[in-house]
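Chains as they are written, first to last, in this note's numbering: chain L, 1 to 282; chain U, 1 to 282. A virtual CB, placed ideally from N, CA and C, is assigned to each residue, including glycine. Read through the structure below, which is laid out as structure tokens, and then see the notes.
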DNA sequence: CATGGGCTTTAGCTTCTCTAAACGCTATAG
DNA sequence: CTATAGCGTTTAGAGAAGCTAAAGCCCATG
């Protein structure tokens, strides 16, 4: 920046505001009273601009991590664990957007997505996190008053339906599940239906009936004793949870850190399940 | 502004901050979460900028009038009357700078100057406001304890000197004044000296002695009974008060309004003096 | 009277930013 | 299913703005 350029800019600005901003003295430039008066407000305004700009660029300089996840996974699996990540990386602000759209990834707005699906995400970096099974669950209270010890006991229960709009043919609904186990005399279409897996689980926790729940999502409630799975019949499904990100985002330190962390969490989760199942003989 | 230009600017800005600001949806543009978050701060910042800019341009849009006047005139004549102008024009903020420099006028920082001098202000619009005389004054208390009824009585008084640095040969100091009246045995150089006319007057009000005061400046104190002028010998001087402004400023509504107002005030002032003097027989 | 600092002026080049027009995509109407 | 309208983007080119380098000015200092 040459002095001439600065001089020209000052004069343009003075013409623009129609008032002198500097007193030209033999010893140099001095701010006029008007400029002095406006100076603090200008400083503040530019500080605010810088602040606002840094909000926009926070993602770039490692201070923000924007996640998107399926709502149920976010509620039942991710959020309960996120605190650990934030403890490990307190300088990172995690922005979690629960929603069904994957499109955010291509707009660059979101750094990492965790999706439930078949694992086909063209153009994106994909890592399989956790598999999924479905298993009938109910609340311990309900189990006490109206025990579910064999599939046939379902006849005396309200069935809670997971109506998540997933195109997963391998994932059984109650009708398929009952048919596969030869249960008769139970209408697998009756009962309340929820468009999110987490809501079905919540309904079951509240004792409203028996849910055919995704186990990954129900596990925390099972561990906590808010749910029981007396039948111990888990059916594996094709879909699984995948962590996905645009290749370009892989260089961001907060993205690398999160990927490492969530993969380790997922492995711990699956190892714990395996131990449980061996113990229980599933 | 064509849509294309806007589009390009948006993209430049997104490249600059390194993050998407808009979601491109089939129905149109939507702000991203990051942009939404930064938006209030940005709004505020730009509001502040506009505010600060309006501080700078206040002079142009009629809301500010910047005056400069000799300090004594400002204190003793202008400020006591300024309230009336501000009542007449409440939307105008008056900025009064008391000082001796005339240079401010050429920098455009000041709209109007009121100067005491010979009336030669090349390149500027000039209007004579009020003439000036000098007259011995003292406080009523002092007059009561130590009467001043003839010039010879000055021998028993402390003389207060106006040491304003004016190149007005016609303006008498005590030495000249005493000599002109044939007073002997009084040392016209003794006594306290003040570099501002208003301070001399203030000293006289406080009873410290007899001032050879500028009457225009002392009149308010005479009217209020804080000073008396028992000798009633007023000596006219060559200098006078002039209101001066750059020609370009003459178009500003606040400048026009002020000129009209101060000229009327000056005429009222001189008319009142004339009436007084006729009544007193000066 | 010469020197030097600080700011401005000038000319010319570079860079940015605008316009105009074509293009692409999606939703709606016929 | 094609046509059309709405909305945003892309492209090329013209125009404006901003920068640099160098000369110029003014005042203070030695």
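Residues of the region 44 to 59 of chain L whose Cβ lies closer than 7 Å to any Cβ of chain U, in chain order: 44, 45, 48, 49, 51, 52, 53, 55, 56, 57 and 59. Taking a contact as a CB-CB distance under 8 Å, the pair residue 130 of chain U and residue 269 of chain U counts as one, their CB atoms being some 6 Å apart. Setting aside the 5 residues that flank it on each side, residue 137 of chain U is surrounded in the same chain by 204, 211, 213, 218, 227 and 229, each with a C-beta closer than 6 Å to its C-beta; the list follows chain order. Nearest CB-CB separation between residue 109 of chain U and chain L: below the 8 Å threshold. Where residue 125 of chain U is concerned, there is no enclosing alpha helix (DSSP H), although the beta strand (DSSP E) around it starts and stops at 125 to 137. In terms of Cα proximity to residue 252 of chain U, the closest of U:61, U:12, U:20 and U:25 is U:61. At a cut-off of 8 Å between beta carbons, residue 34 of chain L contacts chain U.
Proximity of chain U to residue 28 of chain L at the Cβ level (cut-off 7 Å) is not reached, the minimal Cβ distance being about 14 Å.
Cβ proximity to chain U below 9 Å picks out nothing from the region 230 to 248 of chain L.
Using a C-beta cut-off of 8 Å, the region 49 to 66 of chain L makes contact with the region 35 to 42 of chain U, since at least three inter-stretch Cβ pairs fall below that distance. Rounded to the nearest angstrom, the Cβ distance from residue 247 of chain U to residue 109 of chain L is 58 Å, too far for a contact under 8 Å. In the DSSP assignment, residue 215 of chain U falls within the unbroken alpha helix (DSSP H) covering 215 to 223. Residues of chain L whose Cβ lies closer than 7 Å to the Cβ of residue 37 of chain U are, in chain order, 55. Here residue 242 of chain L is not near residue 123 of chain L, since their CB atoms are 8 Å or more apart. In the DSSP annotation of this structure, the continuous segment of the alpha helix (DSSP H) that includes residue 6 of chain L starts and ends at 3 to 17. Straight across, the Cα-Cα distance linking residue 126 of chain U with residue 51 of chain L is about 50 Å. Counting the other CB atoms within 10 Å of its CB gives residue 198 of chain L a total of 16 or more, which places it among the buried residues.
Chain-order list of chain U residues neighbouring residue 212 of chain L: empty, with the shortest C-beta distance near 35 Å, by a criterion of under 7 Å.
Beta-bridge annotation (DSSP): residue 116 of chain L is paired with L:241.
The C-beta of residue 41 of chain L comes closer than 8 Å to at least one C-beta of chain U. One alpha carbon belongs to residue 145 of chain L, the other to residue 156 of chain L, and they sit about 11 Å apart. Annotated three-state conformation of residue 250 of chain L is helix, per DSSP. Taking a beta-carbon distance threshold of 8 Å, residue 250 of chain U does not count as an interface residue toward chain L. In this chain, the alpha helix (DSSP H) harbouring residue 34 of chain L covers 33 to 57.
Between the alpha carbons of residue 78 of chain L and residue 264 of chain L lies a gap of roughly 13 Å. For residue 152 of chain U, same chain residues with a beta-carbon under 7 Å away, outside a window of 5 residues either side, are 183 in chain order.
Short of 7 Å from the beta carbon of residue 170 of chain U, and not among the five residues preceding or following it, lie these beta carbons of its own chain, in chain order: 237 and 238. Taken in chain order, the members of the region 3 to 22 of chain U whose beta-carbon sits within less than 8 Å of a beta-carbon on chain L are 17, 18, 19, 20 and 21. Only residues of its own chain outside the window of five on either side were considered, and among them 161, 162, 188 and 212 have a CB closer than 8 Å to the CB of residue 173 of chain U, listed in chain order. In this structure, residue 98 of chain L and residue 105 of chain L do not form a Cβ contact; the two beta carbons are roughly 15 Å apart against a cut-off of 8 Å.
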